[in-house]
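Asker:
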Amino acid sequence: MPTLLITNDDGIHAPGLAALQEALAGMGDLYVVAPDTERSAAGHAITMLHILRVWDIYRNGGLFGRAVNGTPADCVKLAVSNLLAAPPDLVISGINPGPNTGTNVLYSGTVSAAMEGTIYGIPSLAVSMGSLKSDQDYRPAQKYARLLAEEILKRGLPSGVMLNLNVPSMPLQEIKGIRITRQASFKYKDKYEKRRDPRGRDYYWLSLEDAEICDPAPDADALALEEGYASLTPLHCNLTNPDFMRTLHAWPLPK
23 MPTLLITNDD
33 GIHAPGLAAL
43 QEALAGMGDL
53 YVVAPDTERS
63 AAGHAITMLH
73 ILRVWDIYRN
83 GGLFGRAVNG
93 TPADCVKLAV
103 SNLLAAPPDL
113 VISGINPGPN
123 TGTNVLYSGT
133 VSAAMEGTIY
143 GIPSLAVSMG
153 SLKSDQDYRP
163 AQKYARLLAE
173 EILKRGLPSG
183 VMLNLNVPSM
193 PLQEIKGIRI
203 TRQASFKYKD
213 KYEKRRDPRG
223 RDYYWLSLED
233 AEICDPAPDA
243 DALALEEGYA
253 SLTPLHCNLT
263 NPDFMRTLHA
273 WPLPK
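Position one of the sequence shown corresponds to residue 23 (this note's numbering), numbered consecutively onward.
#1: Quick check for students: name the residue ranges of the beta strand (DSSP E) that lie wholly in the segment 106-179, counting only runs of 3 or more.
#2: Give the single residue among ILE34, ASN260, LEU169 and ARG177 whose Cα lies nearest to the Cα of ILE200.
#3: Can you name the start and end residues of the beta strand (DSSP E) that PRO264 belongs to?
#4: Using a Cβ-Cβ cut-off of 8 Å (strictly less than) and excluding sequence neighbours within five positions of LEU46, which residues of its own chain qualify?
#5: May I ask you to report which of helix, strand or coil DSSP gives PRO37?
#6: Measure the C-alpha to C-alpha separation of MET192 and THR132 and round it to an integer number of angstroms.
#7: Looking at the unbroken beta strand (DSSP E) that takes in VAL98, where does it start and where does it end?
#8: Where are the beta strand (DSSP E) runs, 3 residues long or more, that stay fully inside the segment 185-236, in chain order?
#9: Taking buried to mean at least 16 other C-beta atoms within 10 Å of its own C-beta, is GLU138 buried or exposed?
#10: Can you list, in chain order, the residues of its chain whose CB lies under 7 Å from that of PRO256, leaving out five sequence neighbours each side?
#11: By alpha-carbon positions, which one of PRO180, ILE34, ALA40 and HIS35 ends up nearest to ALA163?
#12: Which term fits ALA195, buried or exposed, when burial requires 16 or more other beta carbons within 10 angstroms of its beta carbon?
#13: Tell me the rounded alpha-carbon separation between ARG136 and TYR210.
#14: Using the Cα positions of MET70 and PRO57, report the straight-line distance between them to the nearest angstrom.
#15: In angstroms, rounded to a whole number, what distance separates the CA positions of PRO110 and SER146?
#16: Identify every residue that forms a DSSP beta bridge with GLY278.
#17: What does a CB cutoff of less than 6 Å around TYR129 pick up in its chain, not counting 5 residues either side in sequence?
#18: Compare the Cα-Cα distances from GLY301 to each of THR125, GLY33 and SER134 and report the closest residue.
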């Protein structure tokens, strides 16, 4: 029976995490290891200068999972290296309320947790919804997450590759299917609100960012969501640009 490691970046008490565990029930031995509180936009940060603690979280009279006072990547690292008897067969991160498309994948703790599994050589999947709505209906993402988990366990994934799934926030019957996509390129217009605390000191609060797709190609992940498709993007952690490597060889650099 396969072992599945479930994690997220919204914290162990997030409804999306419970929805993911429910979706995968019966597929194998499920282990939940997640941050103790929300760690959204933590990226691929890991904890090096503070101690990490782990404790059990119980629900409905039974063990739900284990909380870690660290980042999503910390959770996967600890689970694989210390908390599980053997490496899991699959790492699934989510379900995140809000899309992780385009440049957002670089900031996303949801994607980074799955990428950490990939670094360990474990097939991994990140699952996100297309909206930040508080009354999120996770059933469409649950269906697609289970379908993909079953396929990954059957077929595996190439070394160094993970899958990033984004599901539109609409009724399941209205979703047009899954479109194989690539990561879009976003142009951000960051907005920071300048405020003042009770002691009269200035501080800044990042408000919602405006983003536009720089390359609105038909196979861009963000565009697929806008058109009512779930987007499925294969990602890898090697950021090298091989085309520009060849250009660099023509530069007059010391040899």
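No residue lacks a Cβ here, since even glycine has one placed at the ideal position from N, Cα and C.
Answerer: Let me lay it out:
#1: The segment 106-179 contains, as complete beta strand (DSSP E) runs of 3+ residues, the segments 112-118 and 146-151 (chain order).
#2: Reading the sequence shown from its first residue, position 178 is the one you call residue 200. Taking the Cα of ILE200 as reference, the smallest distance to any Cα among ILE34, ASN260, LEU169 and ARG177 is reached at LEU169.
#3: Taking the first residue of the sequence shown as position 1, residue 264 is located at position 242. Run containing PRO264: none in the beta strand (DSSP E); it sits in the alpha helix (DSSP H), 264-270.
#4: Walking along the sequence shown from the start, residue 46 turns up at place 24. Answer for LEU46: LEU26, ILE28, LEU52, ILE114, ALA167, ARG168 and ALA171, listed in chain order.
#5: Here the question's residue 37 lines up with position 15 in the sequence shown. Collapsing the DSSP output to three states places PRO37 in a helix.
#6: What you label residue 192 is simply residue 170 of the sequence shown in a count that begins at 1. What you label residue 132 is simply residue 110 of the sequence shown in a count that begins at 1. The straight-line gap separating the alpha-carbon atoms of MET192 and THR132 is approximately 21 Å.
#7: Translated into positions along the sequence shown, residue 98 becomes position 76. Where VAL98 is concerned, there is no enclosing beta strand (DSSP E), although the alpha helix (DSSP H) around it starts and stops at 94-100.
#8: DSSP assignment within the segment 185-236 yields the following whole beta strand (DSSP E) runs of 3 residues or more, N-terminal first: 200-202, 208-211, 214-218, 224-228 and 232-235.
#9: Counted from its first residue, the sequence shown places residue 138 at position 116. Sixteen is the threshold: when 16 or more other Cβ atoms of the shown chains lie within 10 Å of the Cβ of GLU138, as they do, the residue is buried.
#10: Here the question's residue 256 lines up with position 234 in the sequence shown. Closer than 7 Å at Cβ, skipping near neighbours: VAL183 and LEU185.
#11: Taking the sequence shown and counting its residues from 1, the one referred to as residue 163 is at position 141. Put simply, of PRO180, ILE34, ALA40 and HIS35 the residue whose alpha carbon is nearest the alpha carbon of ALA163 is ALA40.
#12: Your numbering for residue 195 matches position 173 in the sequence shown. Note on residue identity: the sequence assigns Gln, not Ala, to residue 195. Classification for GLN195: exposed.
#13: Taking the first residue of the sequence shown as 1, we reach residue 136 at position 114. Taking the first residue of the sequence shown as 1, we reach residue 210 at position 188. In the sequence under discussion, the amino acid at residue 136 is Ala, which differs from the Arg named in the question. ALA136 and TYR210: Cα-Cα distance of roughly 25 Å.
#14: Mapped onto the sequence shown, residue 70 falls at position 48. Mapped onto the sequence shown, residue 57 falls at position 35. For MET70 and PRO57, the gap between their C-alpha atoms comes out near 16 Å.
#15: Within the sequence shown, the letter at position 88 stands for residue 110. Within the sequence shown, the letter at position 124 stands for residue 146. Rounded to the nearest angstrom, the two C-alpha atoms are 10 Å apart.
#16: The requested residue 278 does not occur in the structure, where the chain is confined to residues 23 to 277.
#17: As a first step, residue 129 must be located in the sequence shown, where it is residue number 107. If we look at TYR129 and ignore the five residues flanking it on each side, its Cβ neighbours are ALA63 and GLY65.
#18: Any answer about residue 301 is impossible in this case: the structure gives the chain only from 23 up to 277.
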